[in-house]
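Each residue of the sequence shown is one higher than the last, beginning at 2 in the numbering used here.
Okay, structure first, notes after.
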Amino acid sequence: MKLTLVQGDITEQRVDAVVNAANSSLLGGGGVDGAIHRRGGPEILAECRKLRAGHYGRGLPTGQAVATTAGRLPARWVIHTVGPVHSASEDRSGLLASCYRESLRVADTLGACSVAFPAISTGIYGWPMDDAARIALETVRTAGARVDDVRFVLFDAAAYAVFEARL
Ligand code: AR6
Numbered sequence: 002m003k004l005t006l007v008q009g010d011i012t013e014q015r016v017d018a019v020v021n022a023a024n025s026s027l028l029g030g031g032g033v034d035g036a037i038h039r040r041g042g043p044e045i046l047a048e049c050r051k052l053r054a055g056h057y058g059r060g061l062p063t064g065q066a067v068a069t070t071a072g073r074l075p076a077r078w079v080i081h082t083v084g085p086v087h088s089a090s091e092d093r094s095g096l097l098a099s100c101y102r103e104s105l106r107v108a109d110t111l112g113a114c115s116v117a118f119p120a121i122s123t124g125i126y127g128w129p130m131d132d133a134a135r136i137a138l139e140t141v142r143t144a145g146a147r148v149d150d151v152r153f154v155l156f157d158a159a160a161y162a163v164f165e166a167r168l
């Protein structure tokens with residue numbers, strides 16, 4: 002598996018699947034989620050609404066992943082996953098690792114070869130970047146996925162530097 006770090010905007014990545022740091026509602030939000038829905042257009046939200054009307058009536062649980070179309074993004078699919086909110090009193094790292102593992106499992110099911118990940122939970126959900134990078138890199142490396150091109154798309158130079166040091 003080829004692991005690449007990129008500094009930039011995940012909505013501009015030409016890959017088979019882009020991973021979205023969503024919330025359980027699947028109905029959009031700020032951060033990466035907002036950017037993906039804005040750039041990808043209403044088709045993505047329409048599919049998310051269908052998921053909520055069907056199998057995910059109670060929302061997508063933390064640590065799980067599900068795919069929709071990528072709408073107008075230069076990708077084929079968006080894989081939505083829900084990261085855990087960081088907690089100082091409870092170890093939720095298993096749930097963060099699960100986001101990466103489950104997203105790759107969904108990507109394998111789709112037959113995706115290339116996947117772009119944001120740094121899940123490191124924005125609004127407050128996970129410290131260094132610990133998030135450790136979990137992300139370790140989990141993707143050991144996931145045993147068929148996906149052979151994984152790109153971590155870091156929004157700013159500071160996040161890129163943290164991932165680079167960990168890699
Ligand atoms: N491309 C790449 N990375 C980005 C982009 C972008 N366009 N925009 C932000 N980031 P966040 P979370 C970085 O907050 O912490 C939403 O409201 C950002 O700098 O998007 O998992 C959802 O609906 C940070 O490092 O996701 C949920 O409610 C990282 O992406 C909640 O936020 C993740 O930040 C999820 O919070």
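Using N, Cα and C, we set each Cβ at its ideal position, and we do this for glycine too.
What runs of the beta strand (DSSP E), each 3 residues or longer, lie entirely inside the segment 83–163? 115–118, 150–155
Straight-line Cα distance separating Glu-103 from Asp-109: For this step, residue 109 is matched to residue 108 along the sequence shown. For this step, residue 103 is matched to residue 102 along the sequence shown. Going from the Cα of Asp-109 to the Cα of Glu-103 covers about 10 Å.
Secondary structure of Asp-10, DSSP reduced to three states: Position 9 of the sequence shown, counted from the start, is the residue given in the question as residue 10. The answer is coil: DSSP assigns Asp-10 none of H, G, I, E or B.
Using CA coordinates, which residue listed in Asp-132, Arg-167, Tyr-161, Thr-70 is at the minimum distance from Val-20? Taking the sequence shown and counting its residues from 1, one reaches residue 20 at position 19. Among Asp-132, Arg-167, Tyr-161, Thr-70, the Cα nearest to that of Val-20 belongs to Thr-70.
Which residues bound the beta strand (DSSP E) around Ala-66? As a position in the sequence shown, residue 66 is number 65, starting the count at 1. That run of the beta strand (DSSP E) goes 66–70.
What does a CB cutoff of less than 7 Å around Glu-44 pick up in its chain, not counting 5 residues either side in sequence? As a working mapping, residue 44 is identified with position 43 in the sequence shown. Around Glu-44: Thr-70, Gly-72.
Boundaries of the alpha helix (DSSP H) in which Pro-43 is found, first to last residue: The count along the sequence shown starts at 1 and reaches residue 43 at position 42. It spans 43–54 - the alpha helix (DSSP H) in which Pro-43 sits, taken as one unbroken run.
Name the two residues that bound the continuous beta strand (DSSP E) containing Asn-21. For this step, residue 21 is matched to residue 20 along the sequence shown. Where Asn-21 is concerned, the enclosing beta strand (DSSP E) stretches over 16–23.
Just checking my contact of Gly-64 with Ser-99 at CB under 8 Å: how many whole Å lie between their CB atoms? Position 63 of the sequence shown holds residue 64. Position 98 of the sequence shown holds residue 99. Contact flag correct, Cβ pair sits at about 4 Å.
Closer than 8 Å by C-beta to Lys-3: which residues in its own chain qualify, once you throw out the five before and the five after it? Chain order, please. Here residue 3 is taken as the residue at index 2 of the sequence shown, counted from 1. Result list for Lys-3: Asp-149, Asp-150, Val-151, in chain order.
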